[in-house]
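Q: Sequential numbering of the sequence shown, starting at 7, is according to the working numbering. Questions regarding the structure given below will be posed in turn.
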Amino acid sequence: MARQRRHSPPIVVRRVSRSPSPGYLPPPTVIHSGDDMGQYIVSASLTGDNDEPSQALSSYDLSKLELGVNRIRSKWDQSKNCYVIELDSQEDNDGEDGPPKYPPTHAFTIFRTFTPTNNPLVFSISKKIHVWSPYFVEVAKAVMGEWMNISWSAKPVVLDPNDVLVFLPKFKKHLRLPQSEPEIAVTVHLAFFLGFIEKEYENTLATLRSLLEERKISFELLWGLFLPGTILITHCRTTGELLAVRLRSCVRQCASFSEPQHWLLTCEYVDVDKGLPGYTDLSVKIHDFPGVEVITDLPIFPMDPYVVEPRRSELCEILMKRGQRRWELSRSWSHNDYDAIAYTARRADKMNIKSRIILDREKFIQYAYGDPLPTVKRDLDGKIVGLKVLSTRADVRRVDMTAEEFLLMPAKLYGFSLGDRKWLIFNVDNVQDIRWNLEAFERLDIPENKKVIVQTLIESHTQKAATFDDFVPGKGLGLIFALHGPPGVGKTLTAEATSEVARSPLYMVGAGDLGTSAQELDSALTTLFALASAWKAIVLIDEADVFLEKRDVHDLVRNSMVAVFLRQLEYYTGILILNEST
């Protein structure tokens, strides 16, 4: 059953009768929209009762604002069964008396909302800063606008105090910038607000500085660690390797029936999709903890000097070199050596792999069975991308990556182990270039003239396969060898040596791996030949006798499998080696 949205009851504003006088703006009636974020619907005009709400706010002369702060609170009144807006008597209001004015006559308003809880004597209190000053809004948009989802055209602009505090160093940096004469008002409003904020939250800032000096933090002050846009360090959930990410947002989540309260960090890192780099999102949670924690013991922490020194420079260099290597291996499919731990696609189980591998993210997505891979959502310039944008290289504006973007690349690569015939996740640090054994073909114990024929056929097919075609398009483009003899004479060794001299992957399968019915065989061969064609691999089918024996009119199942096998061979365009033992 669909959950019905609860609507907050209307707010009643306490007003007094007063004749308009020069410099005084009669307060309008205000109705709360019910979302705690300070969004209001003004139902009475500032200048007349017949104006539209939008016209009323737009006609408000912000230039007449006093450079000060007033305090208003919205509290549930049980007797009236509604919220009531009133002056926050528990706080200083710059000497202001009487009913609240909305919009106020001051540049800034501290707006506290008292929300009732299950206990009628207990209220949940939230605090917001309503900014009316257009001068400060101009600065805040320049400092915070790239990272914070804030409506900068709203009146007022509503800010969370924690967001302002975490951006405090950037506001101070902006204050030190040289200002022209027309920007004096901006500087004055910014300096006033920073002075007010530092005094208002003096104890909080002192506690935060004290904890940071000890490289510790409490759950309540976690916001002080995470400035949007900064580089953070966490661990890859698959490989356990260090992963550098950039913070986009940090939001505190209330407790629910399923999990305790926590901070939800939305981050981004650089991945590659279809050879194109872009940003992928990653969410990390920091659950509630008692007391204080060492910052580096958190599941994610800033890569700031006061946190990771003295190894910060070394760590940056390691991660950047790793990113450069991963970018080289991700631009297209790659054939490499691997001798280390790899991870399965479904549950990230560990496997010890010593084999040649194919790194191919697109084929991994198409054929591997496991959790969906993270998708690239934005290009390097932050533009949202979709399937059409990723389809062609020209659609993405930039592919040349900066040092920081290399830093943000993960350690894991997606591909296929040729020796184990499994789709796996690999660690880029353990991926090695192949050292081809060109002497293996020369050491084959077969007549020299036959070795020359084999080598010539392979080289000719590799270079000129596309220039020959059958009368029927798509047929007759393959090169097929049938090697027969008893076990131990070197059939498989010949195939391996052939792949070395051709510098091509060797994809080995047994006849039993292809299924026991015509339908299974057709599906397996379609996948096998599609991958081999994409990777320019040599295919070796061992124990292929069942497909090469003379057909028996009484064995319809085997006859159908042979028919499927021969039809697939006709349209295969690569190199195929069939081993038979008879």
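C-beta atoms are modelled at their ideal positions from N, C-alpha and C, and glycine is treated no differently. As the structure is a computational prediction, the values presented were derived from the model and not from experiment.
(1) Could I get the ranges of all uninterrupted alpha helix (DSSP H) runs contained in the stretch 444-531, with 4 residues as the minimum, in chain order?
(2) Could you check what DSSP says for Asn436 in three-state terms: helix, strand or coil?
(3) Take Val290 and list the residues in its own chain whose beta-carbon comes closer than 7 Å to its own, dropping the five residues that flank it on each side.
(4) For a minimum of 3 consecutive residues, which ranges assigned as the beta strand (DSSP E) are wholly contained in the stretch 113-181?
(5) Which runs of the alpha helix (DSSP H) spanning at least 4 residues fall entirely within the stretch 287-368, listed in chain order?
(6) Beta-carbon separation of Leu527 and Ala550 under 7 Å?
(7) Return the chain-ordered list of same chain residues with a C-beta closer than 7 Å to the C-beta of Trp442, the five sequence neighbours on each side being excluded.
(8) Can you confirm whether the stretch 528-536 touches the stretch 327-344 when touching is taken to mean that 3 or more C-beta pairs between the two stretches lie within less than 8 Å?
(9) In terms of residue numbering, what span does the alpha helix (DSSP H) encompassing Ile390 cover?
(10) Can the beta-carbon of Asp435 be found less than 7 Å from the beta-carbon of Ser361?
(11) Spatial neighbours of Arg573 within its chain, please: CB distance less than 7 Å, with the 5 preceding and 5 following residues excluded, ordered by chain position.
(12) Tell me, to the nearest whole angstrom, how far the beta carbon of Ala501 is from that of Ile544; I am working on the premise that it is less than 8 Å.
(13) Which residues in the same chain as His490 place their Cβ atom closer than 6 Å to its Cβ, once the five residues preceding and following it in sequence are excluded?
(14) Taking the DSSP output, what are the residues bridged to Ile544?
(15) Are the stretch 219-238 and the stretch 167-175 in contact at 8 Å, needing three or more beta carbon pairs?
(16) Per DSSP, Gln372 forms a beta bridge with which residues?
(17) Between the Cα of Pro296 and those of Thr121, Lys222, Tyr577, spot the shortest distance and give me the residue it belongs to.
(18) Under a Cβ-count criterion, where at least 16 other Cβ atoms within 10 Å of its own Cβ denotes burial, should His112 be classed as buried or exposed?
(19) For Asn76, name the three-state secondary structure that DSSP assigns.
(20) Assign Val568 to one of two classes, buried (16 or more other C-beta atoms within 10 Å of its C-beta) or exposed (fewer than that).
(21) Following the continuous beta strand (DSSP E) through Phe422, name the residue where it begins and the one where it ends.
(22) Measure from the alpha carbon of Met326 to the alpha carbon of each residue in Met357, Thr408, Ile190, then state which is nearest.
(23) Label Ile497 either buried or exposed according to how many other C-beta atoms from any shown protein chain fall within 10 Å of its C-beta, with 16 as the threshold for buried.
(24) If you count every other CB in all the chains shown that lies within 10 Å of the CB of Val559, and 16 or more means buried, which is it?
(25) Taking contact to mean at least 3 C-beta pairs separated by less than 8 Å, is the stretch 415-432 in contact with the stretch 242-253?
(26) Closer than 8 Å is the cut-off here; do at least three beta carbon pairs connect the stretch 113-120 with the stretch 130-138?
(27) Looking at the unbroken alpha helix (DSSP H) that takes in Leu217, where does it start and where does it end?
(28) Mind checking which residues open and close the beta strand (DSSP E) that includes Ala250?
(29) Measure the C-alpha to C-alpha separation of Phe553 and Trp339 and round it to an integer number of angstroms.
(30) When you compare only the Cα positions, how much space is there between Glu454 and Ile324?
(31) Rounded to whole angstroms, what is the Cα-Cα separation between Asn565 and Tyr577?
(32) Between the alpha carbons of Val458 and Met514, how many angstroms are there, rounded?
(33) When you compare only the Cα positions, how much space is there between Gly246 and Lys356?
(34) With distances taken from CA atoms, which of Val563, Leu127, Gly580 is nearest Gln84?
(35) Taking the straight line between their C-alpha atoms, what separation do you get for Val391 and Asp385?
A: The structure says:
(1) 445-448, 454-470, 497-508
(2) The sequence position of residue 436 within the sequence shown is 430, counting from 1. Correct three-state label for Asn436: helix.
(3) Within the sequence shown, numbered from 1, the residue matching residue 290 stands at position 284. So the list reads Thr240, Leu271, Cys273, Pro305, Ile306, once near-sequence residues are dropped.
(4) 129-137, 163-165
(5) 311-314, 318-336
(6) For the purposes of this step, residue 527 is taken as residue 521 along the sequence shown, with counting starting at 1. For the purposes of this step, residue 550 is taken as residue 544 along the sequence shown, with counting starting at 1. No, Cβ-Cβ distance for Leu527 and Ala550 is not below 7 Å.
(7) The residue you call residue 442 lines up with position 436 of the sequence shown. Closer than 7 Å at the Cβ level, and outside the excluded window around Trp442, lie Glu506, Arg509.
(8) no
(9) Taking the sequence shown and counting its residues from 1, the one referred to as residue 390 is at position 384. From DSSP, Ile390 is part of no alpha helix (DSSP H); its letter is neither H nor E.
(10) If you number the sequence shown from 1, residue 435 lands on position 429. If you number the sequence shown from 1, residue 361 lands on position 355. Cβ distance not < 7 Å, so Asp435 and Ser361 don't count as in contact.
(11) On the sequence shown, position 567 is the one that residue 573 refers to. So no residue of the chain qualifies.
(12) Here the question's residue 501 lines up with position 495 in the sequence shown. Here the question's residue 544 lines up with position 538 in the sequence shown. Contact flag correct, Cβ pair sits at about 7 Å.
(13) As a first step, residue 490 is located in the sequence shown; it is residue number 484 there, counting from the start. The answer, listed in chain order, is Glu586.
(14) Within the sequence shown, the letter at position 538 stands for residue 544. In DSSP, Ile544 forms a bridge with Leu512, Ile581.
(15) yes
(16) Stepping through the sequence shown from its first residue, residue 372 is reached at position 366. DSSP lists no partner for Gln372.
(17) Here the question's residue 296 lines up with position 290 in the sequence shown. Looking at the Cα atoms, Lys222 is the closest of the given residues.
(18) If you number the sequence shown from 1, residue 112 lands on position 106. Classification of His112: buried, given that the 10 Å Cβ count is 16 or more.
(19) Reading the sequence shown from its first residue, position 70 is the one you call residue 76. Three-state result, Asn76: strand.
(20) Counting from one through the sequence shown, the residue named residue 568 turns up at place 562. Buried, because 16 or more other Cβ atoms sit within 10 Å of the Cβ of Val568.
(21) Looking up residue 422 in the sequence shown gives position 416. Counting along the chain, the beta strand (DSSP E) containing Phe422 begins and ends at 418-423.
(22) If you number the sequence shown from 1, residue 326 lands on position 320. The shortest C-alpha separation from Met326 is found at Thr408.
(23) Indexing the sequence shown from 1 puts residue 497 at position 491. The sequence given here places Lys at residue 497; Ile does not occur at that position. Answer is buried; the Cβ neighbour count reaches 16.
(24) Position 553 of the sequence shown, counting from 1, holds the residue named residue 559. Burial call: exposed.
(25) yes
(26) yes
(27) As a first step, residue 217 is located in the sequence shown; it is residue number 211 there, counting from the start. It spans 208-219 - the alpha helix (DSSP H) in which Leu217 sits, taken as one unbroken run.
(28) On the sequence shown, position 244 is the one that residue 250 refers to. Start and end: 248-259.
(29) On the sequence shown, residue 553 is found 547 positions in, with the first residue counted as 1. On the sequence shown, residue 339 is found 333 positions in, with the first residue counted as 1. Near 31 Å, if we compare the C-alpha coordinates of Trp339 and Phe553.
(30) Here residue 454 refers to the residue found at position 448 when the sequence shown is read from its first residue. Here residue 324 refers to the residue found at position 318 when the sequence shown is read from its first residue. Each residue's alpha carbon lies about 49 Å from the other.
(31) Reading the sequence shown from its first residue, position 559 is the one you call residue 565. Reading the sequence shown from its first residue, position 571 is the one you call residue 577. Each residue's alpha carbon lies about 19 Å from the other.
(32) Counting from 1 along the sequence shown, the entry for residue 458 is found at position 452. Counting from 1 along the sequence shown, the entry for residue 514 is found at position 508. Those two C-alpha atoms are separated by around 23 Å.
(33) Stepping through the sequence shown from its first residue, residue 246 is reached at position 240. Stepping through the sequence shown from its first residue, residue 356 is reached at position 350. Distance between the alpha carbons of Gly246 and Lys356 is about 12 Å.
(34) For the purposes of this step, residue 84 is identified with residue 78 of the sequence shown, where counting begins at 1. Minimum Cα distance to Gln84 is reached at Leu127.
(35) Taking the sequence shown and counting its residues from 1, the one referred to as residue 391 is at position 385. Taking the sequence shown and counting its residues from 1, the one referred to as residue 385 is at position 379. Going by the C-alpha atoms only, they are around 6 Å apart.
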